[in-house]
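For the sequence shown, the numbering used here assigns the number 9 to the initial residue and increments by one for each residue that follows.
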Amino acid sequence: MEGVDLNGKVEAGAVEELGGPTNPMVSPLLTDLYQFTMAYAYWKAGKHLDRAVFDLFFRKNPFGGEYTVFGGLEECIRLIANFKLKDEEISYLRSVMPTCEDGFFDYLREIDCSNVEVYAISEGSVVFPKVPLMRIEGPVAVVQLLETPFVNLVNYASLVTTNAARHRFVAGKSKTLLEFGLRRAQGPDGGISASRYCYMGGFDATSNVAAGKLFGIPLRGTHSHAFVSSFMCLDEITDKALRSQDGSRTCEDFVGLVQSWLHKLQLADSLSGFFGETNQSELAAFISYALALPHNFLALVDTYDVMRSGVPNFCAVALALNDLGYKASGIRLDSGDLAYLSIQARKFFCMVEKEFGAPGFGKMLVTASNDLNEETIDALNKQGHEVDAFGIGTYLVTCYAQAALGCVFKLVEINNQPRIKLSEDITKVSIPRKKQCFRLYGKEGYALVDIMIGEDEIPPKVGERILCRNPFNESKRAYVAPQRVEELLKCYWPGDSHKPREVLPSLSEMRGLCMQHLDQMRPDHMRRLNPTPYKVSVSAKLYDFIHFLWLSEAPVGELL
């Protein structure tokens, strides 16, 4: 790629055009009013060009876990790459801020993000509380205008990516995960974002056609109960012909072929007692779907009765397709005892394979849906089941277990002067100054600790002991001699600093990074119940500075 060096960075001075955010509503006006009122106050005080450094981070991992997956960076970079207030937007701001001087609106008309720098952890990375996901440097008034949209773009993206990763972890690597949440998502943007970030978090496909087109996510889908119940009888099927998979011949009466297979199933000794007469309207629906989509026949089998009708009807159609060189995909279970039904269906498929010599029939795909979540999948695993794929919707995309991640955007330095935010709640005390951030790995390849150090400190080195301190608990400290050191913050937007910047990766590359990072976490950090907290630390020098600044800024009480 022109302008990209061998390390995957956009070379200094190279121009790479970035389109705007996916959602056109993401604009400079997508912010809180107080960002503009503060910008005016900065401008009025002559402070609007002061060089500020802000950290975007979160304070607590979601869902009772001990890790989070970072999402939303690309959308933030696309916003600042196209950050420019339009004339009609300036006019609107005039109308809602009528007491502001004209010169302020002239200033707003000229601003962009050419003097802003953004350093961030790679999107798709596993991240932890207090460590900056992004460091934003620039004129304080401009960076202040970025606070709300950045927090908005990162908050849900990271939350739903983490939710997806947790579902992937509990399901296991061998299972297929399908995101089916569009109809239950919080509006169109929630649906599109969920499909994108669930894929990044480890899901394999989505039912969302728009997301498939926008992001290249594989699409999967079957049919609904309405399709099955819309058929009344086999007589509704008028075109009964189906050409073989290789095109060499045509079966003129596919319905008759299916009926003959159903009769064979009914007479088979090994299947005796499993079922009698099946629902013929359901059979008509399955045949019609197979005639339309013989290459991808996957049937919803629980409209009437799974084992007495749905599975036998499916098998009859699948065996008929097999005669013509097609391979049916499998079934979907959307109600009932999913563990029991999946096991019974698998037994039935295996008996069909043995009875009729149909290679691979016993490995037919079994997909389960029906308001699944982490807990139900975990319960299925403990019960034992034969489900190959899980279709998950409501609990996944709405992040039902936790509404928000709680990202914050805090000033840590202005005009080279470190700043700190104090609170009686120690979890809300910020870590001041511009920082370097590193992840230290141990002998077994697992991540041991994240450490923040001052910008002027020497980075940790492989094999050299470094003291890692809890930023707020003096007794919690440990030496680490890392076997690998990973620098976390990379330049994704250099502004006019002429620094090389990272190329924005593709969605599939972010997904790969997410899976890689999850593999590098110790299992006790990942478990659902009582996970071990991951250690986030500061260097000894930064620890001392935090507490020096804390004492300097905290007022001294007086006893009377």
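Ideal Cβ positions, reconstructed from N, Cα and C, are used throughout, including at glycine.
Predicted, not measured: the structure shown is a model, and the values here were computed from it.
Compare the Cα-Cα distances from residue i to each of the options and report the closest residue.
| i | options | result |
| --- | --- | --- |
| F66 | G344, Q274, F78 | F78 |
| L346 | V395, F357, A60, G370 | V395 |
| I428 | L308, A249, S438 | S438 |
| G338 | D40, M33, F369, L81 | F369 |
| P36 | V546, L388, M105, R117 | R117 |
| R340 | M240, C121, G318, T402 | G318 |
| D197 | P226, Y164, T169 | Y164 |
| G210 | F62, G195, F177 | F177 |
| D527 | R492, Y551, R316, G453 | G453 |
| A202 | A234, S232, L167 | L167 |
| L185 | L380, A455, L299, A489 | L380 |
| R143 | Q444, G229, I434, N478 | Q444 |
| K335 | S377, M372, M315 | M372 |
| Q253 | F71, A366, N478, A328 | A328 |
| F282 | A213, F356, S237 | F356 |
| P440 | E432, E421, V314 | E421 |
| S237 | N69, V511, L308 | L308 |
| N596 | N287, H303, Y449 | With the chain represented from 9 up to 568, any question about residue 596 goes unanswered, as that position is not in the structure. |
| R536 | C121, P70, P32 | P70 |
What is the DSSP secondary structure of residue i, counted as helix, strand or coil?
| i | result |
| --- | --- |
| A213 | strand |
| M9 | Here M9 scores only 47 on pLDDT, less than 50, and its place in the model should not be relied on; the value that follows carries that caveat. In this structure, M9 counts as coil in the three-state DSSP scheme. |
| T435 | helix |
| V134 | strand |
| M523 | helix |
| C407 | coil |
| E187 | strand |
| I225 | coil |
| F71 | coil |
| E290 | helix |
| R536 | coil |
| P32 | coil |
| T375 | strand |
| A173 | helix |
| E482 | coil |
| D367 | Correcting the residue identity first, residue 367 is Pro in this sequence and not Asp. Coil at P367, not helix or strand. |
| G199 | helix |
| I119 | coil |
| F398 | strand |
| A53 | coil |
| T45 | helix |
| M529 | coil |
| M359 | helix |
| M142 | strand |
Give me the DSSP bridge partner(s) of residue i.
| i | result |
| --- | --- |
| S545 | I459 |
| V416 | F65 |
| R492 | Y449 |
| Y487 | L475 |
| K443 | G462 |
| Q425 | I422 |
| P147 | R59 |
| V77 | V134 |
| R340 | L308, T375 |
| R251 | T258 |
| E510 | K17 |
| C499 | Y127 |
If I'm right that residue i touches residue j with Cβ under 8 Å, what's the distance once you round it to whole angstroms?
| i | j | result |
| --- | --- | --- |
| F188 | G399 | 5 Å |
| L430 | E517 | That belief does not hold up - the Cβ atoms of L430 and E517 are roughly 40 Å apart, past 8 Å. |
| E74 | P541 | 5 Å |
| C407 | N171 | 5 Å |
| R86 | L26 | 5 Å |
| A179 | I385 | 5 Å |
With burial defined as no fewer than 16 other Cβ atoms inside 10 Å of the residue's Cβ, what is the status of residue i: buried or exposed?
| i | result |
| --- | --- |
| D310 | buried |
| F136 | buried |
| H506 | exposed |
| L567 | exposed |
| V104 | exposed |
| N216 | buried |
| Y207 | buried |
| P508 | buried |
| Y100 | exposed |
| F158 | buried |
| V457 | buried |
| A241 | Just to set this straight, residue 241 is Cys in the shown sequence, not Ala. Classification for C241: exposed. |
| V573 | No information on residue 573 is available, as it lies outside the stretch 9 to 568 that the chain covers here. |
| H555 | exposed |
| S256 | exposed |
| R204 | buried |
| T39 | buried |
Is there a C-beta anywhere in chain C that falls below 8 Å from the one on residue i?
| i | result |
| --- | --- |
| D433 | Any reference to chain C falls outside this structure, which holds one protein chain only. |
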